[in-house]
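*Asks:* Residue numbers (my numbering): 43 to 255.
There's a structure below that I have some questions on.
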């Protein structure tokens, strides 16, 4: 675990330095190890979510060494889940989520990230969020654009937000600011940490991975 922010370090510059360090370490990970990491994260997600039938699960298209959960998304689709990917619609707006299935036509979105070209907008019940870093309170260090913070702050009801990444991305603290929206759970290759009992901010009808009748 990296040291917490030192005295006198502005949080923004500290985050920028940690972001560079963590992304470089992630990109240096051998491909075979990265695939193994993604499989173990997928297994931990299965244990956390349990029955996924009927759930709308939004994840992400992997970039910059992020865990590739596309095989996991295919597996949850086979078990009855509906999948979606995020789309940036405006610089300071929440993300939009569009339905996605493997083989669907894709377009190039912001930063050339593939996005569903034709999928209808959906409201996810589960949101899988890639982390650059994370802390023991469930706060996420991302790329600095604030898209997921805005999305979660605006969502009604709020989806069950799960940050995913390697355990080596753990930080003592990201020095959370008022705009930082914490995750409801963090999942690494070592398993899940569920914060919902401490901080019941997720959809109240969503309990232990399934919608209540």
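Backbone N, C-alpha and C fix where the C-beta goes; we use that ideal spot for every residue, glycine too.
The structure presented is a predicted model; accordingly, all values stated were derived computationally and were not measured.
(1) Could you please give me the residues that DSSP links to residue 139 through a beta bridge?
(2) What does the alpha-carbon distance come out to for the pair residue 198 and residue 79?
(3) Given this structure, state the Cα-to-Cα distance separating residue 115 from residue 89, to the nearest angstrom.
(4) What does the alpha-carbon distance come out to for the pair residue 156 and residue 148?
(5) With a cut-off of 8 Å on the beta carbons, I'd call residue 233 and residue 86 a contact; round off their distance for me.
(6) For residue 177, name the three-state secondary structure that DSSP assigns.
(7) Jot down the residue ranges of each uninterrupted beta strand (DSSP E) in the stretch 48 to 129, minimum 3 residues, whole runs only, in chain order.
(8) Skipping 5 residues on each side, what residues in its chain have a beta carbon closer than 7 Å to that of residue 55?
(9) When the Cα of residue 160 is compared with those of 138, 227, 170, 185, which residue comes out closest?
*Replies:* In terms of the structure at hand:
(1) The residue you call residue 139 lines up with position 97 of the chain shown. DSSP, once it has assigned bridges, lists 128 as partnering residue 139.
(2) Here residue 198 corresponds to residue number 156 of the chain shown, with the count starting at 1. Here residue 79 corresponds to residue number 37 of the chain shown, with the count starting at 1. CA-CA distance, residue 198 to residue 79, rounds to 32 Å.
(3) The residue given as residue 115 occupies position 73 in the chain shown. The residue given as residue 89 occupies position 47 in the chain shown. For residue 115 and residue 89, the distance between alpha carbons rounds to 14 Å.
(4) As a first step, residue 156 is located in the chain shown; it is residue number 114 there, counting from the start. As a first step, residue 148 is located in the chain shown; it is residue number 106 there, counting from the start. Roughly 6 Å between the two C-alpha positions.
(5) Taking the chain shown and counting its residues from 1, one reaches residue 233 at position 191. Taking the chain shown and counting its residues from 1, one reaches residue 86 at position 44. Indeed, because the Cβ distance is near 5 Å, the residues count as touching under 8 Å.
(6) Along the chain shown, read from residue 1 onward, the residue named residue 177 stands at position 135. Strand.
(7) DSSP runs (the beta strand (DSSP E)) wholly in the stretch 48 to 129: 98 to 100, 124 to 129.
(8) For the purposes of this step, residue 55 is taken as residue 13 along the chain shown, with counting starting at 1. Cβ within range, chain order: n/a, list empty.
(9) Position 118 of the chain shown holds residue 160. Of the listed residues, the one whose Cα sits closest to residue 160 is 138.
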